[in-house]
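Engineer:
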Amino acid sequence: MYKILKKEEIGNNVYSMEIYAPEIAKNAKAGQFIIFRIEDKGERVPLTVAGIDVDKGSVRIIFQVVGKSTLQLSLLAQGDVIKDFVGPLGHPTEIKKYGVFVAVAGGVGAAEVLPVVKELKKVGNKIVTIIGARSKDLIILEEELKEVSDELLFATNDGTYGLKGFVTDVLKNVIVKEKVDVVYAIGPIPMMKAVSDLTKGKSIKTIVSLNPIMLDGTGMCGACRVTVDNKTRFACVDGPEFDGHSIAWKELSLRLGLYKNLEKVSLDIFSYNMECKCHTK
Ligand SMILES: Cc1cc2nc3c(=O)[nH]c(=O)nc-3n(C[C@H](O)[C@H](O)[C@H](O)COP(=O)(O)OP(=O)(O)OC[C@H]3O[C@@H](n4cnc5c(N)ncnc54)[C@H](O)[C@@H]3O)c2cc1C
Ligand code: FES
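Just so you know, we're using the working numbering here: the sequence shown kicks off at 556 and counts up by one.
(1) Along the chain, where does the beta strand (DSSP E) containing Glu563 start, and where does it finish?
(2) Where does Lys832 sit, in a helix, a strand or coil, going by DSSP?
(3) Are the region 700 to 712 and the region 730 to 739 touching by the rule of at least three beta carbon pairs closer than 8 Å?
(4) Which complete beta strand (DSSP E) runs does the region 697 to 752 hold, if anything under 3 residues is left out?
(5) Quick check: is any heavy atom of ligand 2 less than 7 Å from the C-beta of Asp639?
(6) Grab the span of the alpha helix (DSSP H) containing Pro670 for me, first residue to last.
(7) Exposed or buried, Gly772, counting other C-beta atoms within 10 Å across all chains shown (16 or more means buried)?
(8) Compute the distance between the beta-carbons of Phe588 and Leu644, then report whether it is under 8 Å.
(9) Does the distance between the C-beta of Gly612 and the nearest non-hydrogen atom of ligand 2 fall short of 7 Å?
(10) Just to confirm before moving on: does the CB-CB distance between Asp610 and Lys638 stay below 8 Å?
(11) For Lys596, is the beta carbon positioned less than 7 Å from some heavy atom of ligand 1?
(12) List the residues that DSSP assigns as beta-bridge partners of Arg592.
(13) Are there any heavy atoms of ligand 1 lying less than 7 Å away from the beta-carbon of Phe797, as far as the coordinates show?
(14) Look at the alpha carbon of Ile574 and the alpha carbon of Gly756, and state the distance between them as a whole number of angstroms.
(15) To the nearest angstrom, how far is it from the Cα of Ser613 to the Cα of Val655?
(16) Which residues in the same chain as Val678 place their Cβ atom closer than 8 Å to its Cβ, once the five residues preceding and following it in sequence are excluded?
(17) Which class does Ile695 belong to by DSSP, given the choice of helix, strand or coil?
(18) Spatial neighbours of Ile593 within its chain, please: C-beta separation below 8 Å, excluding the five flanking residues on both sides.
(19) Does the beta-carbon distance from Pro795 to Leu765 come in below 8 Å?
(20) Just to confirm my understanding: we take Ala658, look at its own chain, exclude 5 residues before and 5 after, and list those with CB closer than 6 Å. What are they?
(21) Can you name, in chain order, every residue of its own chain whose Cβ lies under 7 Å from the Cβ of Lys691, other than the five neighbours on each side?
(22) What is the DSSP secondary structure of Thr684, reduced to helix, strand or coil?
(23) Any heavy atom of ligand 2 within a distance shorter than 7 Å of the CB on Ala790?
(24) Tell me which residue opens and which closes the beta strand (DSSP E) that Arg780 is part of.
(25) Taking DSSP as the reference, what is the three-state secondary structure of Lys760?
(26) Give me the Cβ distance between Ala790 and Pro767, rounded to the nearest whole Å; I'm assuming they're in contact under 8 Å.
(27) Leaving out the 5 sequence neighbours to the left and right, which residues in its chain are closer than 6 Å to Met746 when beta-carbon positions are compared?
(28) Closer than 7 Å: is that where the CB of Leu770 sits relative to any heavy atom of ligand 2?
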């Protein structure tokens, strides 16, 4: 059983939790993830390791409520426990001096990019972080990202913060201004694809951190398979980071939507049961 040491709502439907998991805290590195399961019959859900406190033996996760399991997790309180918390999984990000490193994140991707830029800043990279959101009120972790970025730039669809438009519009400006060595993108698939399309034309190395459906996280079930450079790869053990210029994006997008109907049914049943419990109290 894994105890929730701290819980905070850090944005609109976005939660940060510190989970007591000393073995994972000792071993996890930036770019890796965990898989949690709330109860015996619960779904297995992957989340990026957003922070580590080895002294406290805790691992920080940051998640957006999008369906049944993330809603169920958001309803737990400090002091509650969850059944499974497995990790660290996946390959860590390669931490070395690249030069000018531009990290592009969409939505809750800001949480996933934070540990990566933190480590890359320590080894002397110039970090330019670009965060995209629909609107200003959906931007998270601004202060924490500011501390580890040489430049922190924003794009919002409605123009309420930073440039009005997309992260790719900001990225275009950055590329014009300076020689970029690496672009790192994490977030929704259309965003990562658009970033990769832009940088491909300019021959800029681009790393994307993929988020396909995952089940076991050990390379056994095949749920997370992606086609990279015309070869089948498993994001949980071969990734989650890959060369953005080699991904079969359309196939990945189709696979992510495969269980939409079942996911909706599962959320509806959970919400209905919650309501019934409230009425009978
Ligand atoms: C390596 C990795 C790291 C991730 N890190 C984060 C993170 O730090 N913060 C965060 O908010 N989200 C993260 N995600 C996405 C997160 O796993 C999904 O939002 C979550 O599984 C949704 O579960 P649900 O039951 O609440 O919603 P559901 O209703 O089950 O699904 C909603 C949508 O989430 C996606 N999804 C569903 N099940 C899975 C699954 N088992 N694996 C991956 N995606 C799924 C699908 O697009 C689906 O349509 C990560 C995914 C991966 C693969
Ligand atoms: S999640 Fe099963 S093979 Fe990757």
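Glycine included, C-beta positions come from ideal geometry on N, C-alpha and C.
Note that the structure is predicted; figures quoted are calculated from it, not measured.
Structural biologist: According to the structure data:
(1) 557 to 566
(2) helix
(3) no
(4) 706 to 711, 737 to 741
(5) no
(6) 664 to 677
(7) buried
(8) yes
(9) no
(10) no
(11) no
(12) Asp639
(13) no
(14) 42 Å
(15) 31 Å
(16) Ile650, Lys651, Lys652
(17) coil
(18) Ser624, Gln627, Leu628, Leu631, Ile637, Lys638
(19) yes
(20) Val668, Val672, Thr684, Tyr739
(21) Thr711, Thr715, Tyr716
(22) strand
(23) yes
(24) 780 to 783
(25) strand
(26) 5 Å
(27) Gly661
(28) yes
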